[in-house]
Each structure stands twice: as C-alpha cells, then as structure tokens.
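Protein chains in written order, with my numbering: chain A, 2 to 291; chain B, 2 to 291. Note that the Cβ used here is the ideal one computed from N, Cα and C, for glycine as well. In this text, all values refer to a predicted model and were calculated from it rather than measured experimentally.
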C-alpha cells in the first residue's frame, strides 16, 4: 500500500494488524504514547528538555479528543482531520499498560481511551536509515533485516516533573571511522527523528557507560566488520523507559503502539526534511496575544 | 531606568557601560553570542539539541543584519524594529575573541561585525531567581549579592556539527531538602531560562561528576546553612564554553556580551512566562509551503 491514508484505513478496519516496516516507503512513521492529562504536561516538558532521544512530532490538542493534533501540518491529506485520523484505531496494534505492567495487546484502544487521554506521536529512526541507504551507507541492521541493538546508558535525561532519574537509550550501528563524518552529515538534518549521532568510536562505550557492545538491553546483537566502530544515536525507546520508570506516579492506563505497528503519516520524508526548506525553531513558547 | 528601550538607548549612546543586574526589574535580559554564518547553523543545532543549558531566545534573521530577529515577538516595543535594536551597540559592553582568546572589551562591536555575522540571544537565570525571591525562597547568591557558583560537569552535550565533546555547565544554589519540590515547581515554567533543576541532593555531585562543591569552576563559593543540599540548574555559560572549545574550527572573530552587561528586552517576565498563556512547542521545523 502506497500511502498513509490507505494504511491507517486498513488498520482502522482490522485489515492490517502487523508491522508497518517497509510499508508506504518515503512516508513518515510515528511511535505513540498515550497518557492521562494530569501527567501529560510533565511528559511534554520531558520531551522538550530532551529532544534528541524524545522528538515529539505532534500531540493531541484537547484531552479526550483522538482526532485533532498540533501541529496540524503533519497531516496533509485532508482538510477535515476528523474524518482521517483516529488515534484509537489507526495504529495496526497497541500495547496497554498499568503500573508499568503490560495488560494487553489490542487492535484498538477505544475501550481504554478516556476523557483525559492525551496522545503523543514520536519520531522514529526509519527516516534517517533510508537516507543512509540512499547514500550507500546502509545500516548493518537493515542489511541483516533486524532491529538495531539498543543500550541503556548512564547519560542522564534532564528531569521534568514526575519524570526524574531516567537515562538515555541509544541505538547502535557500526561504521568505518573514515565514514563517520559523512554519516553525521547525512543524519544531521533529521532533527525530528534523532538527528546526528550522540557518540561514536570505542571510547563512546565509556562515555555512555555501556559495558559490553555485544550485550544490548533491547534488540539483537549486530555484526562488526573489518575496522568498524560503534556509532550511537538517541533512541525512541527512551521516552517509553522514562514513562515506565514513573509508572507508580501515573494514575490509570498508559497506551503505546505495539513495537513495529506504527502510525503512517501522510507527510513524506522529503517534505519533512528537505534541508533547504527547514529552519530550526528554538524550544518555543507561544505568547498569548502576540 | 524602567524599561528595555531606555536601557538599550543608554547603552547605544555610551551612557551605560556597566552591569544591567537589577535594572528594569521584571524585564527579560539576554546573553549574546555572535558567530560567523559558516558555523551558525551548527550552533543553532547545538542549542536545539541541548535546550536546557542553551536556551536560544532569538537569533538574527539574515547574516550581517544587526536589526531583525526571529521570533520578532520578543521585541514588543516598536513596530519598526530597525529603529529599536542594533545588536552591535545595545549591550553596555562586549567581549571580542579570536581563536578562543580574549582580544578586547569594547562598548560596541561595529568594527568587528561583518557581512557574515549572526547573533544569538540566550536566556539567563535572572528570571527564575526573581520568581524564587517572590516565593520566599531567595537564592543564597542573591542574599549574598554574588553570582552563584558554577561547575563544569561530566554530563555530555548532544554534539552538533563542529561542536563535539562539550559538557554541561551548571549553576548551584543551596536549599533545604523539604523545599526542593517547591523550588522545582516554581522554576519549571521558565523553560526559556533553564527551567527546573537538572539535579539535586548530595548524590548529584557524583551524578554530575563534580568533585568538590566548594571549588566552583566559575563564580564564587557559596554558603550552606543547616541541612541544606546543593540544587543544580543548567547554566548559560555552557554555550560559551562549547564555542571556546571549538575555537580552532571557527574562522574569524567571536563576540559576546561582557558578563553582566546584558541586552535588556522589552518583553517582561510575566509576558514571557505567564504559565496559563504558554504552550510548549516541540523542537520544530517550518515546513515550506505549509
């Protein structure tokens, strides 16, 4: 299927319940976290204070409303968003948590969604990986048809409200030292999906507090080939780990997509990341009346 | 003098060359960094990837133009910005650096400003300090009429372009453990001026790699009173240290304000930070045509 609208419709109608990996190539795919409104502001701050591992693409505007997102320009397909997006149904599959424990995996979260639910869409690494492929620097995990290995680190997140004490999770891809500057340049513009690496080289293991590069905390081990060194990126598992670590302070249920079952957006990578068309906005405030 | 316009005019006309501390109470004051355009994008990315220690309030829109800033809503006083702000003259005093070395301290930088100069305004801690005073939690450094002690840490910044290997600088203020949640709440909304603390308690020394709380890297030692523990905030010295560390990769001169000689803005703290009027924007991209 070629576009986001078709994939979301298939997910909503129960025709698609598996992975979206490799579907609708060139379109942005997003991770999901749904929280009760009482902790949503803290989560928004956590992401704003840690944008590299926690790049928020959009959030629902009003607690309980599963249709309207801000910013709206991620959803280009239709003028009438209410007919297009229903965040309770448009992922192929969802995980439901309570007190940090997985309660169920479901094809929709209509029964779990409440008047206080707020949804966050978070960027994923598919975008910069396809850019690396196009440049002839295919990530090893793509070559092997796997996920990349992921590691918890000692790199502290800037705390926000109930979210304290969490650290960054990173993904790792091996590259030759002479390719690292190009890898940095190619991934740099992808600011909404982790951007350039956070660390590289064998020294990075010490810098990030990673003991053994062959013992990832998430995902499978990968292969190093001649002369390659590890290159680490901020990873979207970070906000999930931070939310789970704060589970005792979150009243009610937390929902997320089932890993691999992403929301496929209408906007393409070229539209979101065309380097000449982008301008970085500083951590921003909307000032009322100005 | 009561407002930003009057203070900037006095600075421009050579009537004010000292500190702006305590002047125009309630108005936002900003730190300055001026870089050549060729490295400005990397600096903008460094700040966007590390918004807690490097909160960019605004930047000049076009290299070489010292008048027009984005976002423009920080400068409310006049519709015609070109008559109001000249970033080359409107700080009371400037430092000029080359290859990481201080060349001169001057009352304006008209001679140093070039067609490729880009200016960044960076938030400072005055705003949250006055909020703490109002709440009866006056920071010790204000009590003592000093700067707070500042420390380099082992907390790595997310690298961006030429800016690699830098770590966060933090400021420290002592508080009683039972006051820390209130201190966090009071400073949390000040997202443009470092926001809530990054770490607190005696364990934070280990977490941040600080050896001796009585040996600050910048600023004077402070006093602990009965039962107080250290509370650490991201500090605006961080971007200066990162720029100095990359000095060899920066062609030409770097300018900054002389410490204490800030740009006083027209906007007030109440306008910028009124909690009910603010909405956090995720690390943003402007998408062309949408």
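Q.
Measuring alpha carbon to alpha carbon, tell me which residue in A:132, A:217, A:136, A:194 is nearest residue 173 (chain A).
A. As a first step, residue 173 (chain A) must be located in the first chain, where it is residue number 172. Answer by Cα proximity: A:217.
Q) Taking DSSP as the reference, what is the three-state secondary structure of residue 273 (chain A)? A) Your numbering for residue 273 (chain A) matches position 272 in the first chain. Three-state DSSP puts residue 273 (chain A) in a helix.
Q.
Less than 8 Å between the beta carbons of residue 25 (chain A) and residue 64 (chain A), yes or no?
A. If you number the first chain from 1, residue 25 (chain A) lands on position 24. If you number the first chain from 1, residue 64 (chain A) lands on position 63. Not a contact, by the Cβ cut-off of 8 Å.
Q) Going straight from the alpha carbon of residue 294 (chain B) to that of residue 206 (chain B), what length do you get? A) Shown here, chain B extends from 2 to 291; a query on residue 294 (chain B) therefore has no answer.
Q | Neighbour list for residue 208 (chain A) in chain B, Cβ cutoff strictly below 7 Å | A | Numbered from its first residue, the first chain carries residue 208 (chain A) at position 207. In chain order: 157.
Q) Is the shortest distance between the beta-carbon of residue 197 (chain B) and the beta-carbons of chain A less than 8 Å? A) Numbered from its first residue, the second chain carries residue 197 (chain B) at position 196. True, the Cβ-Cβ gap to chain A drops below 8 Å.
Q | Start and end residues, alpha helix (DSSP H) containing residue 124 (chain A) | A | Translated into positions along the first chain, residue 124 (chain A) becomes position 123. Here residue 124 (chain A) belongs to no alpha helix (DSSP H); instead the beta strand (DSSP E) covers 118–124.
Q) Since residue 293 (chain A) contacts residue 180 (chain A) with CB under 8 Å, what's their CB separation in whole angstroms? A) Residue 293 (chain A) lies beyond the stretch modelled for chain A, which goes from 2 to 291, so this question has no answer here.
Q. Pick from A:258, A:115, A:268: whose alpha carbon is nearest that of residue 95 (chain A)?
A. Against the first chain, residue 95 (chain A) aligns to sequence position 94. Among A:258, A:115, A:268, the Cα nearest to that of residue 95 (chain A) belongs to A:258.
Q.
Less than 8 Å between CB atoms is the rule here; does residue 136 (chain B) satisfy it with respect to chain A?
A. Here residue 136 (chain B) is taken as the residue at index 135 of the second chain, counted from 1. So no, residue 136 (chain B) is outside the interface.
(Q) Distance cutoff 8 Å, beta carbons only. Does residue 160 (chain A) sit that close to anything in chain B? (A) Along the first chain, read from residue 1 onward, the residue named residue 160 (chain A) stands at position 159. Judged by the 8 Å Cβ criterion, residue 160 (chain A) is in contact with chain B.
(Q) By DSSP's criteria, residue 200 (chain B) is part of a beta bridge. Which residues make up the other side? (A) Locating residue 200 (chain B) in the second chain gives position 199, counting from the first residue. DSSP, once it has assigned bridges, lists B:233 as partnering residue 200 (chain B).
Q: Less than 8 Å between the CB atoms is what I'm expecting for residue 199 (chain B) and residue 233 (chain B), so what's the real figure, rounded?
A: On the second chain, residue 199 (chain B) is found 198 positions in, with the first residue counted as 1. On the second chain, residue 233 (chain B) is found 232 positions in, with the first residue counted as 1. Yes, residue 199 (chain B) and residue 233 (chain B) are in contact; Cβ-Cβ is about 6 Å, under 8 Å.
(Q) Using the Cβ count rule (16 or more neighbours within 10 Å means buried), how would you classify residue 159 (chain A)? (A) Position 158 of the first chain, counted from the first residue, corresponds to residue 159 (chain A). Result: buried.
Q: Would you mind telling me which residues of chain A sit closer than 9 Å to residue 85 (chain B), beta carbon to beta carbon, in chain order?
A: Locating residue 85 (chain B) in the second chain gives position 84, where the first residue counts as 1. Per Cβ cutoff of 9 Å: no residues; residue 85 (chain B) is ~16 Å from chain A at best.
Q: Scan the segment 32–49 of chain B for residues whose Cβ lies nearer than 7 Å to a Cβ of chain A and list them as they occur along the chain.
A: 45, 46, 48, 49
Q: Determine which residues share a DSSP beta bridge with residue 106 (chain B) and list them.
A: Counting from one through the second chain, the residue named residue 106 (chain B) turns up at place 105. In DSSP, residue 106 (chain B) forms a bridge with B:96.
Q: Under 8 Å by Cβ, that's how I've got residue 169 (chain A) and residue 54 (chain A) pegged, so tell me the actual separation to the nearest angstrom.
A: Sequence index remark: in the first chain, residue 169 (chain A) carries index 168 (1-based). Sequence index remark: in the first chain, residue 54 (chain A) carries index 53 (1-based). Rounded, the Cβ-Cβ distance is 5 Å, consistent with contact.
Q. For the candidate residues A:146, A:27, A:194, A:48, whose alpha-carbon lies nearest to that of residue 221 (chain A)?
A. Taking the first chain and counting its residues from 1, one reaches residue 221 (chain A) at position 220. Residue A:146 is the option with its Cα nearest to residue 221 (chain A).
Q | residue 189 (chain A): contacting residues in chain B (beta-carbon distance under 8 Å) | A | As a working mapping, residue 189 (chain A) is identified with position 188 in the first chain. By Cβ distance, chain B contributes 46, 161, 162.
Q. Mind checking if residue 192 (chain B) is an interface residue toward chain A, Cβ cutoff 8 Å exclusive?
A. Position 191 of the second chain, counted from the start, is the residue given in the question as residue 192 (chain B). Yes - at least one Cβ of chain A is within 8 Å of the one on residue 192 (chain B).
Q. Would you call residue 113 (chain B) buried or exposed, if buried means 16 or more other Cβ atoms sit within 10 Å of its Cβ?
A. Within the second chain, residue 113 (chain B) is the residue found at index 112, counting from 1. So residue 113 (chain B) counts as buried.
Q. Count the other CB atoms within 10 Å of the CB of residue 175 (chain A); is the residue buried (16 or more) or exposed (fewer)?
A. To locate residue 175 (chain A), count along the first chain from 1; it is residue 174. Classification for residue 175 (chain A): buried.
(Q) Just to confirm the assignment, what range does the beta strand (DSSP E) spanning residue 32 (chain A) have? (A) On the first chain, position 31 is the one that residue 32 (chain A) refers to. Where residue 32 (chain A) is concerned, the enclosing beta strand (DSSP E) stretches over 28–37.
Q.
Which residues in chain B have a C-beta closer than 7 Å to the C-beta of residue 53 (chain A)? List them in chain order.
A. Position 52 of the first chain holds residue 53 (chain A). By Cβ distance, chain B contributes 50, 159.
Q. For the beta strand (DSSP E) that contains residue 263 (chain A), what are its first and last residues?
A. Walking along the first chain from the start, residue 263 (chain A) turns up at place 262. Note, residue 263 (chain A): premise wrong, no beta strand (DSSP E); not H, not E.
Q. Rounded to a whole number of angstroms, what is the C-alpha to C-alpha distance between residue 9 (chain A) and residue 129 (chain B)?
A. Counting from one through the first chain, the residue named residue 9 (chain A) turns up at place 8. Counting from one through the second chain, the residue named residue 129 (chain B) turns up at place 128. Taking the straight line from one Cα to the other gives about 45 Å.
Q: For residue 103 (chain A), count neighbouring C-beta atoms within 10 Å of its own C-beta (all shown protein chains included) and say buried if the count is 16 or more, exposed if not.
A: Here the question's residue 103 (chain A) lines up with position 102 in the first chain. The residue in question, residue 103 (chain A), is exposed, as its Cβ has fewer than 16 Cβ neighbours within 10 Å.
(Q) When you compare the CB positions of residue 93 (chain A) and residue 19 (chain A), do they come within less than 8 Å of one another, or not? (A) On the first chain, position 92 is the one that residue 93 (chain A) refers to. On the first chain, position 18 is the one that residue 19 (chain A) refers to. Yes, Cβ-Cβ distance for residue 93 (chain A) and residue 19 (chain A) is below 8 Å.
Q: Taking the CB atoms as reference points, tell me whether residue 34 (chain A) and residue 67 (chain A) lie closer together than 8 Å.
A: Position 33 of the first chain holds residue 34 (chain A). Position 66 of the first chain holds residue 67 (chain A). Contact flag unset, no.
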